[in-house]
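Colleague: Below are the structure tokens for one structure; questions will follow.
Numbering (this note's numbering), first residue to last: 195 to 289.
Okay, here's the thing in structure tokens:
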């Protein structure tokens, strides 16, 4: 092997042997926080509402802008989700 850069000694490199016990995770986390590191663990997902009691399906429509704006305003004024607004309008129409 090439001795010009000392690569012939590469096989002599060995990791240090250590028998020291690993530091508790809480101490490692505290040290990381002091140095500005943030956790990469996933945050707990919070849900705004209870889960639906029946199955749901995706529903996609492309209404004209004026119709979409009226529907969004209707739902916003009544603090309804879109599916609740749709259900309310269908109930009023007797559908």
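Note that beta-carbon positions come from the ideal geometry of N, C-alpha and C, so glycine has one too.
Measure the C-alpha to C-alpha separation of residue 250 and residue 265 and round it to an integer number of angstroms.
Modeller: Locating residue 250 in the chain shown gives position 56, counting from the first residue. Locating residue 265 in the chain shown gives position 71, counting from the first residue. Taking the straight line joining both Cα atoms gives about 20 Å.
Colleague: Counting pairs of Cβ atoms below 8 Å between the segment 253-270 and the segment 278-286, do you hit three or more?
Modeller: Touching, yes, given that three or more Cβ pairs across the two stretches are closer than 8 Å.
Colleague: Where does residue 259 fall in DSSP's three states?
Modeller: Indexing the chain shown from 1 puts residue 259 at position 65. Residue state, collapsed to three classes: helix.
Colleague: Am I right that residue 269 and residue 275 are in contact with their C-beta atoms under 8 Å? What's the rounded C-beta distance?
Modeller: Walking along the chain shown from the start, residue 269 turns up at place 75. Walking along the chain shown from the start, residue 275 turns up at place 81. 7 Å between Cβ atoms; contact.
Colleague: If we ignore side chains and look at the alpha-carbon of each, how far apart do residue 272 and residue 289 end up?
Modeller: Position 78 of the chain shown, counting from 1, holds the residue named residue 272. Position 95 of the chain shown, counting from 1, holds the residue named residue 289. Going by the C-alpha atoms only, they are around 20 Å apart.
Colleague: From what residue to what residue does the alpha helix (DSSP H) around residue 278 run?
Modeller: As a position in the chain shown, residue 278 is number 84, starting the count at 1. Start and end: 276-287.
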